[in-house]
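Chemist: Everything in the sequence shown is counted per the working numbering, starting at 31 for the first residue and increasing by one. For glycine and all other residues, C-beta sits at the position ideal for the given N, C-alpha and C. The model shown is predicted, which means the values in this text are computed figures rather than measured ones. This is the structure I have questions about; it appears just below.
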Amino acid sequence: METTRIAVLSDTHFPARGSHLPERCVALIQEADMVIHAGDHADLDAVAALRALGTPVVAVHGNVDTAQVCDVLPRHTSVRAHGQTIAVVHDAGLRDGRLERLRRAFPDADGVIFGHSHIPLVERAPDGFFILNPGSATDRRRQPHHTMATLVLHADRPAEIEIIVLDGP
């Protein structure tokens, strides 16, 4: 059975929040078929460093990215694999009504990845549509852990989503 493994990041805020990703995060990126980054890289060097890990990167810009990053990365994008379309945007707006609002904003998507809040979240509708915020691997803010996510797309079943705690057992 063919699958696509995606490492999902957001809000890494380099160099303000450090100069490197946690080792476990790098290992998961290198095992993945693709990386999706939902914005707030900070600058072009941060984007280049992520790409230098060797895994193809799909990314959008966020609200704290430099003008140069905003010039080279879109505000939103999507990827398609195994018959599923995953939309990517940085800021998904207020929590209340978010799932349905994102479904309306991206009507052709099977799921939406977003960032901005640094709060990891997986929410699924009964029909399988999902929203995913991976949290932040480098800037946990008020969250108890640094996190990222993995997303596995299959041709014959719903996506597998896991929030990965990077600084815990």
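Can you list, in chain order, the residues of its chain with a C-beta nearer than 7 Å to that of LEU83? Leave out the 5 residues immediately preceding and following it.
Modeler: By 1-based counting over the sequence shown, the position of residue 83 is 53. So the list reads VAL56, ILE59, GLN60, once near-sequence residues are dropped.
Chemist: Would you report the Cα separation of ARG125 and PHE159, rounded to the nearest angstrom?
Modeler: Looking up residue 125 in the sequence shown gives position 95. Looking up residue 159 in the sequence shown gives position 129. One C-alpha to the other measures close to 16 Å.
Chemist: Can you name, in chain order, every residue of its own chain whose Cβ lies under 7 Å from the Cβ of VAL118, other than the five neighbours on each side?
Modeler: Counting from one through the sequence shown, the residue named residue 118 turns up at place 88. Closer than 7 Å at the Cβ level, and outside the excluded window around VAL118, lie ILE66, ALA68, VAL88, VAL90, HIS106, THR107, SER108, ILE143.
Chemist: Helix, strand or coil for VAL94 per DSSP?
Modeler: Numbered from 1 along the sequence shown, position 64 holds the residue referred to as residue 94. Coil at VAL94, not helix or strand.
Chemist: Answer with buried or exposed for ARG110, where buried requires no fewer than 16 other C-beta atoms within 10 angstroms of its C-beta.
Modeler: In the sequence shown, the residue the question calls residue 110 occupies position 80. ARG110 comes out exposed.
Chemist: What does the Cβ neighbour count give for ALA62, buried or exposed, with the cut at 16 atoms within 10 Å?
Modeler: Position 32 of the sequence shown, counted from the start, is the residue given in the question as residue 62. With 16 or more other Cβ atoms within 10 Å, it is buried.
Chemist: What is the DSSP secondary structure of ILE149, counted as helix, strand or coil?
Modeler: The residue labelled residue 149 in the question sits at position 119 within the sequence shown. If DSSP states are grouped into helix, strand and coil, ILE149 belongs with coil.
Chemist: Take the Cβ of ARG170 as the centre, count every other Cβ of all protein chains shown within 10 Å, and call the residue buried at 16 or more, exposed below.
Modeler: Here residue 170 corresponds to residue number 140 of the sequence shown, with the count starting at 1. Buried, because 16 or more other Cβ atoms sit within 10 Å of the Cβ of ARG170.
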